[in-house]
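Top line first, the protein sequences correspond to chains A and B. Mapped onto the numbering used here, the consecutive letters of the first sequence carry residue numbers 1 to 261. Mapped onto the numbering used here, the consecutive letters of the second sequence carry residue numbers 262 to 522. In this text, a Cβ means the ideal position worked out from N, Cα and C, and glycines have one as well. Keep in mind it's a predicted model, so treat the numbers as computed, not measured.
2 protein chains.
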Amino acid sequence: MTCLLKMRAMRDQLSVNERKLADFILENTQLLRDYSSSQLADAVGVSQSSVVKFSQKLGYRGYPSLKLAVYESYAGAGIGGGDEPVRAFASTASPLSQLGQKKLEVLENTVSINEVDQLTAAVEAIRAARCIQISACPGSVSVARYLAHQLLELGCWAVFDEGGKLQQRISNSLRDDDLLCILCDFGGEESLVDVANRAREHGVKVLSLTRYNYNAASIHSDIRLYVVPSDDEEDLQRLLFRSAQLHVIEGLISGLLSKKG
Amino acid sequence: MTCLLKMRAMRDQLSVNERKLADFILENTQLLRDYSSSQLADAVGVSQSSVVKFSQKLGYRGYPSLKLAVYESYAGAGIGGGDEPVRAFASTASPLSQLGQKKLEVLENTVSINEVDQLTAAVEAIRAARCIQISACPGSVSVARYLAHQLLELGCWAVFDEGGKLQQRISNSLRDDDLLCILCDFGGEESLVDVANRAREHGVKVLSLTRYNYNAASIHSDIRLYVVPSDDEEDLQRLLFRSAQLHVIEGLISGLLSKKG
DNA sequence: ATTTTTTTTGAATAAATTATTCTTTGGTGG
DNA sequence: CCACCAAAGAATAATTTATTCAAAAAAAAT
Chain A
1 MTCLLKMRAM
11 RDQLSVNERK
21 LADFILENTQ
31 LLRDYSSSQL
41 ADAVGVSQSS
51 VVKFSQKLGY
61 RGYPSLKLAV
71 YESYAGAGIG
81 GGDEPVRAFA
91 STASPLSQLG
101 QKKLEVLENT
111 VSINEVDQLT
121 AAVEAIRAAR
131 CIQISACPGS
141 VSVARYLAHQ
151 LLELGCWAVF
161 DEGGKLQQRI
171 SNSLRDDDLL
181 CILCDFGGEE
191 SLVDVANRAR
201 EHGVKVLSLT
211 RYNYNAASIH
221 SDIRLYVVPS
231 DDEEDLQRLL
241 FRSAQLHVIE
251 GLISGLLSKK
261 G
Chain B
262 MTCLLKMRAM
272 RDQLSVNERK
282 LADFILENTQ
292 LLRDYSSSQL
302 ADAVGVSQSS
312 VVKFSQKLGY
322 RGYPSLKLAV
332 YESYAGAGIG
342 GGDEPVRAFA
352 STASPLSQLG
362 QKKLEVLENT
372 VSINEVDQLT
382 AAVEAIRAAR
392 CIQISACPGS
402 VSVARYLAHQ
412 LLELGCWAVF
422 DEGGKLQQRI
432 SNSLRDDDLL
442 CILCDFGGEE
452 SLVDVANRAR
462 EHGVKVLSLT
472 RYNYNAASIH
482 SDIRLYVVPS
492 DDEEDLQRLL
502 FRSAQLHVIE
512 GLISGLLSKK
522 G
């Protein structure tokens, strides 16, 4: 699943040609099977080198690697017959059930995109931290508060303050055995990147939970967790995004719980 | 499946080197993934050209074709296997995935227990309300805050205050076009029932989201939404409970969204 | 609005992989 | 012992993939 997902998630910050490639692959996944790099290039209307560079930008050694990954992705989703995304929530009538279905898809994607080692690293970092500062962009404030509350309940010394000014003050007083958590929908937020950088200068570990793409906040972090956004209408997308963030956070909490007793 | 099968079937009619190749591939199928023809040749101890010829003898255009076919074979066998009950979050042993599975079960139960009309009634009530007071028992404070935040974001005049005293004061100032939301894990809380009763005396509608059982808070409500708890170990159960509460709330929010535009 | 800087792109080319040819080897039957 | 044939590999041709570099386009800065 990961590879095709990655493409969809990155679509926004790809260049024109790269997006053309991504779209073509997403639309004609099965064709890729017997396309060489230059055949693909021709089909899409770009140069062969662009294909290779695209492959590398996505993190693969080269075109053959990408091809295999795409194939894996595709086979993983589709071999069972159709490529329906796991129907749970039997009665389609209830709005709760419809939402549940959408949510399930987003959660599945989010689960598959997060590396296990990053997750365990996050749990360890939280456990090891003296103080935890939580910073969030406006869209993730409610999630941040939820996180802060859960952490406090577990006995972690967690602080969340939404006012940007205070955040920066607090981050100045962090020490090297502290942790900074950044929650962010897109990751462009200047101020958050600032906070992260300042914190790192003090040797503070930085944990980020952002939309899945290369973004400033994520890049300046030690531990990176992601959420894969859906492609729904805006309001709903925001809702689902938070829901997925919450799921990751619940994962962290449950990790903290299980290794506690 | 076909390709690996073919190899096994042909094993007898193959020459020495070819058999060596077939055996190696059958034993180390997953290794093939990142072997080039000459790497495979080295690993088996034959020449690169033998590898190519072997591929062609089996009916493929060349080595890459064979490789892909083997891969298809391998992947196909792994996935076609089981027909368990609603297994989402496939394969991975990621903790996120395990949590996801548990969560899915709780959510399914929660979805199935809530009547659609209660849900739409809740959405209508929220939309119709002038002011919304949110009250919660200690265990649901974080969820309550989340709800308050989302409602405010939607332009609803929602108030949540965790201090019990203030709650009661506020509820005295509610009027008959207001709404009281009660979030509660068990529903025994004296104070919440009090607040609810006082509110109803003023003609205020009461919406409750509680654990699914007959409980005081639920009985004294006009609209009743429920969460079905899991039977896990205590901490995890609490986590999942909140998660299900959040799901219902997300359902409400999404209901508000959809009928808004 | 214009220059500078950066990013993106593709042509040319280098590197690598894969396929073919052709010679050598080793076994078999005459 | 020699001709014959299948099979294997070395050499090499063909194809595919990856890198370099210069030009073009977009973004940023002045």
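The residues 180, 182, 196, 199, 200, 220, 221 and 222, in chain order, have a CB closer than 7 Å to that of residue 206 of chain A in the same chain once the five nearest residues on each side in sequence are set aside. Within the same chain, 17, 20 and 21 come within 8 Å of residue 46 of chain A by CB-CB distance, once the 5 residues on both sides are set aside.
Under the 8 Å Cβ criterion, the region 374-385 of chain B counts as touching the region 483-500 of chain B, having at least three qualifying pairs. Uninterrupted beta strand (DSSP E) stretches at least 3 residues long and entirely within the region 350-433 of chain B occur at 392-397 and 418-421, given in chain order. Going by DSSP, residue 312 of chain B is part of the alpha helix (DSSP H) stretching over 309-318.
Take the alpha-carbon of residue 355 of chain B and the one of residue 368 of chain B: they are about 20 Å apart. The bridge partners DSSP lists for residue 182 of chain A are A/135 and A/208. For residue 461 of chain B, the uninterrupted alpha helix (DSSP H) segment begins and ends at 451-462.
DSSP, reduced to helix, strand and coil, places residue 487 of chain B within a strand of the structure shown. Distance from the CA atom of residue 157 of chain A to the CA atom of residue 130 of chain A, rounded to whole angstroms, is 7 Å. When DSSP states are grouped into helix, strand and coil, residue 17 of chain A belongs to the helix group. Between the beta-carbon of residue 463 of chain B and that of residue 437 of chain B there is about 6 Å, and that keeps the pair under the 8 Å contact cut. A Cβ of chain B is located within less than 9 Å of the beta carbon of residue 103 of chain A. Listed in chain order, the non-local C-beta contacts of residue 431 of chain B below 6 Å within the same chain comprise 394, local neighbours out to five positions each way being set aside. As the crow flies, the alpha-carbon of residue 62 of chain A is around 26 Å from that of residue 315 of chain B. Within 8 Å of the CB of residue 439 of chain B, no CB atom of chain A is found; the nearest one sits about 23 Å away. At a Cβ-Cβ threshold of 9 Å, residue 407 of chain B and residue 143 of chain A count as neighbours. Residue 4 of chain A: member of the alpha helix (DSSP H) spanning 2-10, first to last residue. In the three-state scheme derived from DSSP, where H, G and I count as helix and E and B as strand, residue 516 of chain B is classed as helix. In this chain, the alpha helix (DSSP H) harbouring residue 301 of chain B covers 298-305.
With a threshold of 9 Å between beta carbons, residue 220 of chain A makes no contact with chain B. In its chain, beyond the 5 residues on either side, 25, 26, 29, 70, 73, 74 and 77 have a beta carbon closer than 8 Å to the beta carbon of residue 4 of chain A. In the three-state reduction of the DSSP assignment, residue 288 of chain B falls in the helix class.
In its chain, beyond the 5 residues on either side, 135, 137, 182, 184 and 217 have a beta carbon closer than 7 Å to the beta carbon of residue 192 of chain A.
If you draw a straight line from the Cα of residue 371 of chain B to the Cα of residue 435 of chain B, it is about 30 Å long.
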